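Read through the structure below, which is laid out as structure tokens, and then see the notes.
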């Protein structure tokens, strides 16, 4: 069996209701307009309106949020990691 499987994360959006992110390993920060998550695939920054986090389960890697998602940006590593190699 191949132990070098790439890790992945996914996001499911229900328009007008909210969204679910899978593959989350940590929560970096969050407000009612922005959520920054650490995922198996890197950093994920979500921006929107009226964010209300309903569920954070780091054992299963699931975060559920109500609110309007306007944008998302994915990054491989943080600026600090790139600066201090």
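Residue numbers (our numbering): -9 to 75. Just so you know, even glycine gets a beta-carbon here, dropped at the ideal spot from N, CA and C. As the structure is a computational prediction, the values presented were derived from the model and not from experiment.
- Does the beta-carbon of residue 5 have 16 or more other beta-carbons within 10 angstroms, so that it is buried, or is it exposed? Counting Cβ neighbours within 10 Å, residue 5 comes out exposed, since fewer than 16 surround it.
- Task: Measure how close the beta-carbons of residue 76 and residue 40 come, nearest whole angstrom, since I'm counting them as under 8 Å.
- Result: Missing from the structure shown is residue 76; the chain here goes from -9 to 75 and no further.
- Message: Suppose contacts are defined by Cβ-Cβ distances below 8 Å. Is residue 14 in contact with residue 38 by that definition?
- Response: With contacts defined as CB atoms closer than 8 Å, residue 14 and residue 38 fail to qualify as a contacting pair.
- Message: Measuring alpha carbon to alpha carbon, tell me which residue in 21, 64 and 60 is nearest residue 9.
- Response: Its Cα nearest to that of residue 9, the residue 60 stands out among 21, 64 and 60.
- Task: Take residue 29 as the anchor and find which of 46, 3 and 56 has the nearest alpha-carbon.
- Result: When each option's Cα is compared against that of residue 29, the closest is 46.
- Please check the pair residue 64 and residue 20, which I expect to be a contact at CB under 8 Å, by giving their CB distance rounded to whole angstroms. About 17 Å; that fails the 8 Å criterion.
- Burial state of residue 3 (16 or more Cβ within 10 Å): Exposed.
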